[in-house]
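According to full-length UniProt numbering, the sequence shown is numbered sequentially starting from 1.
Using N, Cα and C, we set each Cβ at its ideal position, and we do this for glycine too.
Computed from a predicted structure; not experimentally measured.
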Amino acid sequence: MAAGGDHGGHDSYRSPLASRYASPEMCFVFSDRYKFRTWRQLWLWLAEAEQRSCGPGKARAKGPRAAPTLGLPITDEQIQEMRSHLDNIDFKLAAEEEKRLRHDVMAHVHTFAHCCPKAAAIIHLGATSCYVGDNTDLIILRNAFDLLLPKLARVISRLADFAKERADLPTLGFTHFQPAQLTTVGKRCCLWIQDLCMDFQNLKRVRDDLRFRGVKGTTGTQASFLQLFEGDDQKVEQLDKMVTEKAGFKRAFIITGQTYTRKLDIEVLSVLASLGASVHKICTDIRLLANLKEIEEPFEKQQIGSSAMPYKRNPMRSERCCSLARHLMTLVMDPLQTASVQWFERTLDDSANRRICLAEAFLTADTILNTLQNISEGLVVYPKVIERRIRQELPFMATENIIMAMVKAGGNRQDCHEKIRVLSQQAAAVVKQEGGDNDLIERIQADAYFSPIHSQLDHLLDPSSFTGRASHQVQRFLEEEVYPLLKPYENVMKVKAELCL
Numbered sequence: 001m002a003a004g005g006d007h008g009g010h011d012s013y014r015s016p017l018a019s020r021y022a023s024p025e026m027c028f029v030f031s032d033r034y035k036f037r038t039w040r041q042l043w044l045w046l047a048e049a050e051q052r053s054c055g056p057g058k059a060r061a062k063g064p065r066a067a068p069t070l071g072l073p074i075t076d077e078q079i080q081e082m083r084s085h086l087d088n089i090d091f092k093l094a095a096e097e098e099k100r101l102r103h104d105v106m107a108h109v110h111t112f113a114h115c116c117p118k119a120a121a122i123i124h125l126g127a128t129s130c131y132v133g134d135n136t137d138l139i140i141l142r143n144a145f146d147l148l149l150p151k152l153a154r155v156i157s158r159l160a161d162f163a164k165e166r167a168d169l170p171t172l173g174f175t176h177f178q179p180a181q182l183t184t185v186g187k188r189c190c191l192w193i194q195d196l197c198m199d200f201q202n203l204k205r206v207r208d209d210l211r212f213r214g215v216k217g218t219t220g221t222q223a224s225f226l227q228l229f230e231g232d233d234q235k236v237e238q239l240d241k242m243v244t245e246k247a248g249f250k251r252a253f254i255i256t257g258q259t260y261t262r263k264l265d266i267e268v269l270s271v272l273a274s275l276g277a278s279v280h281k282i283c284t285d286i287r288l289l290a291n292l293k294e295i296e297e298p299f300e301k302q303q304i305g306s307s308a309m310p311y312k313r314n315p316m317r318s319e320r321c322c323s324l325a326r327h328l329m330t331l332v333m334d335p336l337q338t339a340s341v342q343w344f345e346r347t348l349d350d351s352a353n354r355r356i357c358l359a360e361a362f363l364t365a366d367t368i369l370n371t372l373q374n375i376s377e378g379l380v381v382y383p384k385v386i387e388r389r390i391r392q393e394l395p396f397m398a399t400e401n402i403i404m405a406m407v408k409a410g411g412n413r414q415d416c417h418e419k420i421r422v423l424s425q426q427a428a429a430v431v432k433q434e435g436g437d438n439d440l441i442e443r444i445q446a447d448a449y450f451s452p453i454h455s456q457l458d459h460l461l462d463p464s465s466f467t468g469r470a471s472h473q474v475q476r477f478l479e480e481e482v483y484p485l486l487k488p489y490e491n492v493m494k495v496k497a498e499l500c501l
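Spelled out as structure tokens, the structure:
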């Protein structure tokens, strides 16, 4: 069987990213139809700009010292023919041409020319393959970022709502996954949000900094276009500018080889990999909290956690995010290696790799954002479990406050410290050796030495007194950093995340 081709159905491998996980809109941006339709659009823009490279309405000067022709001899009829055939792509003919020519761009030049016989002579005029290839990639990257940014904004917004609602709910903090000082559920969520805000800013920066390759020729010197315009630098520069503007870019690279610098791909995949790291951390935390039975991701009424253990409520959405995030983080190695081995003006060993890694990175990022939004829209909190865990650990954390209260009541700090130490060890033995509850406070209440502060113990053990400024930090963070970041995306915030699987 010949390699390649479009094998559908169930008899050939299809990437799970496209068939199972990623959204239809992201899959379309990386589809053959979108790619080759954009090639045709680029050929149309080039022809339009070449026709009017120095502006419309200027007559050709006459005489021996006449200036070069203002624009190339491309007719309106040719332009209209190209415009009317942007969408009717004969993929079968293109595949046959590529099999014959062993060149994808020329195969589509011939296919476009087949339905545009009048324009056939001027399609791809002066251009190289990277005119359509690289410029299309840049358009796709820009549009893919434009799909990701609103999704990331919605994730941040959902988590911000969650953090605001639980800003005051005390919970046990963990360092080294060992009990530490208290924080609040909302404050912990803000740790997640802060990382995602950094990712949002980085994605937006890279998206806004994207530059068009433009009209540069085979090695980036624009020699072919300079020849077309009889040595007129101004016309070549205007041609480049016009096509760049038609494509919706504010600027183009001044310097390119045959391709735009592959350093750009490193920047693109680096910010996506960083997003993957953030999502992996968030979903790992959720998985650990699910084990502690404090917070769970959504679980459907008919969802099955295990084929063997019917009681299981596995955090499969968070696990999926972690699994795909690991893949996303590894993809940045591809452009790093590709950029490092591009010889001189270009080598073709970038091509096959980029066909895979760029699409996979965005489809993977799209999937984890859709999934994380779904998770964040349905997080379930169990305050009673959280409260119970606090009660198990808080007596130990409160010992310093108890010592201070005893000193204020006239006690000796050293004597009190020793009393607390002995009682704490006894309580710890009950927890670790007998599997019992932490009874340190009961031991303190039963010890006459501590009678001067018995009436203060409830106050000294109030969890809210151990969370510091957590709730104020949440409020300030949301108001000063999160809400201003999300404001430009207010009109897309109501979109829900639906998971097929």
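- Counting only runs of 4+ residues, the alpha helix (DSSP H) found wholly inside the UniProt domain "Adenylosuccinate lyase C-terminal" (394-478) occupies 399-408, 413-434, 440-446, 457-460 and 470-477, in chain order.
- In this model, Thr338 and Arg262 are separated by some 7 Å (Cα to Cα).
- With 16 or more other Cβ atoms inside 10 Å of its own Cβ, His108 counts as buried.
- Contact between Glu50 and Ile79 is absent: CB atoms are separated by about 10 Å, not below the 8 Å threshold.
- Around the CB of Glu294, 16 or more other CB atoms lie within 10 Å, so the residue is classed as buried.
- By the CB criterion at 8 Å, Arg207 and Phe145 fall inside the cutoff.
- Non-local C-beta neighbours of Arg142 in its own chain, meaning closer than 7 Å and more than five positions away in sequence, comprise Arg207 and Leu210, ordered along the chain.
- Taking the CA atoms as reference points, Asp334 sits about 45 Å from Arg389.
- For Gln475 and Leu369, the gap between their C-alpha atoms comes out near 25 Å.
- Checking the DSSP bridge columns, you'll see Phe212 partnered with Ala252.
- In the DSSP annotation of this structure, the continuous segment of the beta strand (DSSP E) that includes Gln181 starts and ends at Gln178 to Thr184.
- Residue Glu267 holds the alpha-carbon nearest to the alpha-carbon of Lys204 among Val385, Tyr131 and Glu267.
- Proximity of the region 439-457 to the region 394-413 meets the contact definition, three or more beta-carbon pairs being nearer than 8 Å.
- The region 179-198 and the region 152-171 touch, with no fewer than 3 CB-CB distances between them shorter than 8 Å.
- Arg313 places its beta carbon less than 8 Å from that of Phe299.
- By the Cβ rule, the region 404-420 does not count as touching the region 348-355, because fewer than three pairs are nearer than 8 Å.
- Residue state for Pro170 is assigned as strand, using DSSP reduced to three classes.
- Tyr483 is positioned such that its CB atom lies no closer than 8 Å to that of Ala153.
- DSSP places Thr75 outside both helix and strand once states are collapsed to three, so it counts as coil.
- A distance below 8 Å separates the beta carbons of Val155 and Leu196.
- By the C-beta density criterion, Phe344 is exposed, having fewer than 16 other C-beta atoms within 10 angstroms.
- Burial check for Glu479: the Cβ neighbour count within 10 Å stays below 16, so the residue is exposed.
- The alpha-carbon of Leu269 is positioned some 60 Å away from that of Ser455.
- Judged by DSSP secondary structure, Arg100 falls within the alpha helix (DSSP H) whose first and last residues are Phe91 to Leu101.
- By the CB criterion at 8 Å, Ala223 and Ile122 fall outside the cutoff.
- Between Leu86 and Gln41, the CB-CB gap stays under 8 Å.
- In the structure shown, Glu296 adopts extended strand secondary structure according to DSSP, grouped into three states.
- If you look at Asn143, you'll find it in the alpha helix (DSSP H) that goes Ser129 to Glu165.
- Check the Cα spacing between Asp458 and each of Ser471, Ala448 and Ile444: the tightest is with Ile444.
- By the C-beta density criterion, Ala428 is exposed, having fewer than 16 other C-beta atoms within 10 angstroms.
- If you check the CB distance, Glu498 and Gly378 do not come in under 8 Å.
- Secondary-structure assignment with DSSP links Val492 through no beta bridge to anything.
- Annotated three-state conformation of Val243 is helix, per DSSP.
- If you look at Ala47, you'll find it in the alpha helix (DSSP H) that goes Asp32 to Gln51.
- Around the beta carbon of Met242, 16 or more other beta carbons lie within 10 angstroms, which makes this residue buried.
- For Arg14, no alpha helix (DSSP H) encloses it, and the DSSP letter there is neither H nor E.
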